[in-house]
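Visitor: Residue 935 is where the sequence shown starts when you use the numbering used here, and the numbers rise one by one after that. Dropping the structure in here first, questions after.
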Amino acid sequence: MYKSQLTLMLACILLLVTSCKKDEPTPEKPLYTVEFDVAFQDPNQTSIYSVVIFTNRSTGADHYNWDFGDGSSSTSENPQHSYTTAGTKQIKLTAYFPDGNSLSKTKSITIDPAPAISANFSASTNICNVQETISFTNLSQGAINYQWNFGDGQSSIAANPTHAYSSIGTYTVTLTAYGPLGQVDLKTSSILVSNTPFASLSEITIGQLISQFSGTTIQLGHGNKISGTVISDYYNSNMASSKNMVVWNGTEGILARCQSPHSFALGSKVVINLSTAFLKNYFSTLELDSVPLSNIVQDGTGVNFPPRTTTVSQVTQNLTAWTSTLIKINNVTISGAASTYGGSLTISDATGSMILFTRSWASFAGASYPTTSVSITGILNNYNGIAELFLRNTTDVQ
């Protein structure tokens, strides 16, 4: 009896001690995993040179090694990488743990080829004169940067450059276009540089130009030019304006009015680009109006076409056809209220009379004119149906 009670008492004490003891957790084994995500920085750019972002999802590791599948690697935890070749790449991440163990994970990614770009351009002309400005229009597709080589040692990085060649020859223009992902494409074209002013334009005669006028002012298009000898004398200034000059080819002539004062000397050969100029009637004289000076090139010495020898009567009969041409009338006398050149004087031959007109700002205005019979050469002008003759200088009177 006593022994049983003692056993029961000891069991109760043990139970009490056991129930009062604090529970202690069992240490957990560390969780080791290897995992990663792959994504393009720009989902719309999946080609070479695009940035690929690698996000490490591993746990328990203390260092890593990435194999990007193209011969390159990284030990960064979350690296970024760009591929220079297209295709499927096998990416392998190895995670190393403190206990010396390691785990690896492999995923694949497809790298697309870079989008194609196209280098292309046009030139304002492929045949030009020395020092003539050529405009290049860039027609490239998909490119962001450009390099121009004009074939004469000069270059440009402008998108749409201009260029002028200083020597004759054939030059190869090369445009290199660069895409945003390193793409490169080339376009070449040849430029012929000659000594022919406005070589790309078709030359028409002054008569063909005049025939385009139908009674109202017209603006001329692109593609044509005229040439001839300057028969006006800007230096001696017997013109209505310092912007005016008269050009003729021995048969037809025309008054050209420039946009600004010119200095094309008497006897020069000029070539005029007709683009954008106007053909208009000004007090019955047909004019080539508003010609940019850049549209006129001196091409040496003009042909010394002899003046048309005529009479006053013939001038009157052919006034419209002969306006702005060089004429010569023999055996005429000069008369007027004064004995000097200035304003309107009268010249007379056996067939009739007409006006000899001198501007007040002409260099010879105020000089005495001869009182004997002379031969007079000058530019014929039509002023509202009235024939006027303009001297270039006093050597026109002999």
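Beta carbons are placed, not taken as given, at the ideal position from N, Cα and C, and that holds for glycine.
By Cβ distance below 7 Å, which residues in the same chain neighbour residue 1158 in space, the five residues on each side in sequence not counted?
Guide: As a working note, residue 1158 is residue 224 in the sequence shown. Only 1135, 1136, 1138, 1208 meet the Cβ criterion.
Visitor: Within 10 angstroms of the Cβ of residue 1237, are there 16 or more other Cβ atoms? Answer buried if so, exposed if not.
Guide: Taking the first residue of the sequence shown as position 1, residue 1237 is located at position 303. Exposed, by the Cβ-count rule.
Visitor: Do the region 1077-1091 and the region 1146-1157 make contact, defined as three or more Cβ pairs closer than 8 Å?
Guide: For the pair of segments examined, the region 1077-1091 was found not to touch the region 1146-1157: the number of CB pairs separated by less than 8 Å stays below three.
Visitor: Report the residue ranges of all alpha helix (DSSP H) runs contained in full by the region 1215-1288; include only those spanning at least 4 residues, in chain order.
Guide: As far as the region 1215-1288 is concerned, its whole alpha helix (DSSP H) runs of at least 4 residues are 1246-1251, 1253-1256.
Visitor: So residue 1115 packs on residue 1048, CB below 8 Å; how close in whole Å?
Guide: Here residue 1115 refers to the residue found at position 181 of the sequence shown. Here residue 1048 refers to the residue found at position 114 of the sequence shown. So it is a contact: roughly 4 Å between Cβ atoms.
Visitor: By the 10 Å Cβ neighbour count, where 16 or more other Cβ atoms means buried, how is residue 1281 classified, buried or exposed?
Guide: As a working mapping, residue 1281 is identified with position 347 in the sequence shown. By the neighbour-count rule (16 or more Cβ atoms within 10 Å), residue 1281 is buried.
Visitor: To the nearest whole angstrom, what separates the beta carbons of residue 971 and residue 989, a pair I think is in contact under 8 Å?
Guide: Within the sequence shown, the letter at position 37 stands for residue 971. Within the sequence shown, the letter at position 55 stands for residue 989. Confirmed, Cβ separation roughly 4 Å.
Visitor: Any chance you could list the beta strand (DSSP E) runs of at least 3 consecutive residues sitting entirely within the region 983-1036, in chain order?
Guide: 985-990, 997-1001, 1014-1016, 1021-1030
Visitor: For the alpha helix (DSSP H) containing residue 979, name the first residue and the last one.
Guide: For the purposes of this step, residue 979 is taken as residue 45 along the sequence shown, with counting starting at 1. Unbroken run through residue 979: none, as it is neither H nor E.
Visitor: Are the region 1228-1236 and the region 1188-1204 touching, with three or more C-beta to C-beta distances below 8 Å?
Guide: The answer is yes - the region 1188-1204 touches the region 1228-1236, with three or more Cβ pairs under 8 Å.
Visitor: If you count every other CB in all the chains shown that lies within 10 Å of the CB of residue 1324, and 16 or more means buried, which is it?
Guide: Against the sequence shown, residue 1324 aligns to sequence position 390. By the 10 Å Cβ count, residue 1324 comes out buried.
Visitor: Hey, quick one: how far does the beta strand (DSSP E) through residue 1313 stretch, first residue to last?
Guide: Position 379 of the sequence shown, counted from the start, is the residue given in the question as residue 1313. Run containing residue 1313: 1308-1317, per the beta strand (DSSP E) assignment.
Visitor: Which residue wins for smallest C-alpha separation from residue 991, given the options 1027, 1227, 1045?
Guide: Counting from one through the sequence shown, the residue named residue 991 turns up at place 57. Closest by alpha carbon: 1027.
Visitor: Exposed or buried, what is residue 1210 when buried is set at 16 or more other beta-carbons lying within 10 Å of its beta-carbon?
Guide: The sequence position of residue 1210 within the sequence shown is 276, counting from 1. By the 10 Å Cβ count, residue 1210 comes out exposed.
Visitor: Can you list, in chain order, the residues of its chain whose CB lies under 6 Å from that of residue 1290, leaving out five sequence neighbours each side?
Guide: Reading the sequence shown from its first residue, position 356 is the one you call residue 1290. If we look at residue 1290 and ignore the five residues flanking it on each side, its Cβ neighbours are 1279, 1281, 1323.
Visitor: Say whether the region 1303-1312 touches the region 1248-1265, bearing in mind that this needs 3 or more beta-carbon pairs closer than 8 Å, one atom from each stretch.
Guide: yes
Visitor: When the Cα of residue 979 is compared with those of 1035, 1044, 1312, which residue comes out closest?
Guide: Position 45 of the sequence shown, counted from the first residue, corresponds to residue 979. Taking only the C-alpha atoms, the option nearest residue 979 is 1044.
Visitor: May I ask you to list the residues that DSSP assigns as paired with residue 1173?
Guide: The residue given as residue 1173 occupies position 239 in the sequence shown. Bridge partners of residue 1173: none, in fact.
Visitor: Between the C-alpha atoms of residue 977 and residue 1013, what's the straight-line distance to the nearest angstrom?
Guide: What you label residue 977 is simply residue 43 of the sequence shown in a count that begins at 1. What you label residue 1013 is simply residue 79 of the sequence shown in a count that begins at 1. Cα-Cα distance, rounded: 18 Å.
Visitor: Alpha carbons only, please: which of 1017, 1016, 1041 is nearest the one belonging to residue 1024?
Guide: Counting from 1 along the sequence shown, the entry for residue 1024 is found at position 90. For the residues 1017, 1016, 1041, the minimum Cα distance to residue 1024 belongs to 1041.
Visitor: Am I right that residue 1170 and residue 1296 are in contact with their C-beta atoms under 8 Å? What's the rounded C-beta distance?
Guide: For the purposes of this step, residue 1170 is identified with residue 236 of the sequence shown, where counting begins at 1. For the purposes of this step, residue 1296 is identified with residue 362 of the sequence shown, where counting begins at 1. Confirmed, about 6 Å.
Visitor: Assign residue 1081 to one of three DSSP states: helix, strand, or coil.
Guide: Counting from one through the sequence shown, the residue named residue 1081 turns up at place 147. Reduced to three states, the DSSP call for residue 1081 is strand.
Visitor: For residue 1187, does the three-state DSSP call read helix, strand or coil?
Guide: Walking along the sequence shown from the start, residue 1187 turns up at place 253. DSSP places residue 1187 in the strand class (E or B) of the three-state scheme.
Visitor: If the criterion is Cβ atoms closer than 9 Å, does the pair residue 1248 and residue 1285 meet it?
Guide: On the sequence shown, residue 1248 is found 314 positions in, with the first residue counted as 1. On the sequence shown, residue 1285 is found 351 positions in, with the first residue counted as 1. Yes, the Cβ-Cβ distance between residue 1248 and residue 1285 is below 9 Å.
Visitor: Among the candidates 1104, 1145, 1112, 1097, whose CA atom is the shortest distance from the CA of residue 1079?
Guide: Residue mapping note: residue 1079 aligns to position 145 of the sequence shown, counting from 1. Residue 1112 is the option with its Cα nearest to residue 1079.
Visitor: Does the region 1064-1075 come close enough to the region 1014-1023 to have 3 or more Cβ pairs within less than 8 Å?
Guide: no
Visitor: Give me the DSSP bridge partner(s) of residue 967.
Guide: In the sequence shown, counting from the first residue as 1, residue 967 sits at position 33. BP columns for residue 967 point to 993.
Visitor: Less than 8 Å between C-beta atoms, sequence neighbours within five positions excluded: which residues of the same chain meet that for residue 1287?
Guide: Mapped onto the sequence shown, residue 1287 falls at position 353. Close CB contacts of residue 1287 within its chain, under the 8 Å cut and outside five residues either way in sequence, are with 1246, 1280, 1281 (chain order).
Visitor: Give me whichever residues DSSP pairs with residue 1091 in a beta bridge.
Guide: As a first step, residue 1091 is located in the sequence shown; it is residue number 157 there, counting from the start. Its beta-bridge partners do not exist; DSSP assigns none.
Visitor: Beta-carbon within less than 6 Å of residue 1192's beta-carbon, same chain only, minus the 5 sequence neighbours each way: which residues are those?
Guide: Residue 1192 sits at position 258 when you count from the first residue of the sequence shown. Leaving aside the five residues that flank residue 1192 on each side, the residues in its chain whose CB is nearer than 6 Å to its CB run, in chain order, 1177, 1225, 1227.
Visitor: Please report the straight-line C-alpha distance between residue 1259 and residue 1130, rounded to a whole angstrom.
Guide: The residue given as residue 1259 occupies position 325 in the sequence shown. The residue given as residue 1130 occupies position 196 in the sequence shown. One C-alpha to the other measures close to 25 Å.
Visitor: Using only the alpha-carbon positions, how far apart do residue 1146 and residue 1213 sit?
Guide: The sequence position of residue 1146 within the sequence shown is 212, counting from 1. The sequence position of residue 1213 within the sequence shown is 279, counting from 1. Taking the CA atoms as reference points, residue 1146 sits about 8 Å from residue 1213.
Visitor: Quick check: is any heavy atom of the ligand NAD less than 8 Å from the C-beta of residue 1018?
Guide: Questions concerning the ligand NAD fall outside what the structure shown contains, since it holds no ligand whatsoever.
Visitor: For the beta strand (DSSP E) that contains residue 1135, what are its first and last residues?
Guide: The residue labelled residue 1135 in the question sits at position 201 within the sequence shown. Here residue 1135 belongs to no beta strand (DSSP E), and DSSP marks it neither H nor E.
Visitor: What do you get for residue 985, buried or exposed, if any count of 16 or more other CB atoms within 10 angstroms of its CB means buried?
Guide: The residue labelled residue 985 in the question sits at position 51 within the sequence shown. Residue 985 should be labelled exposed.
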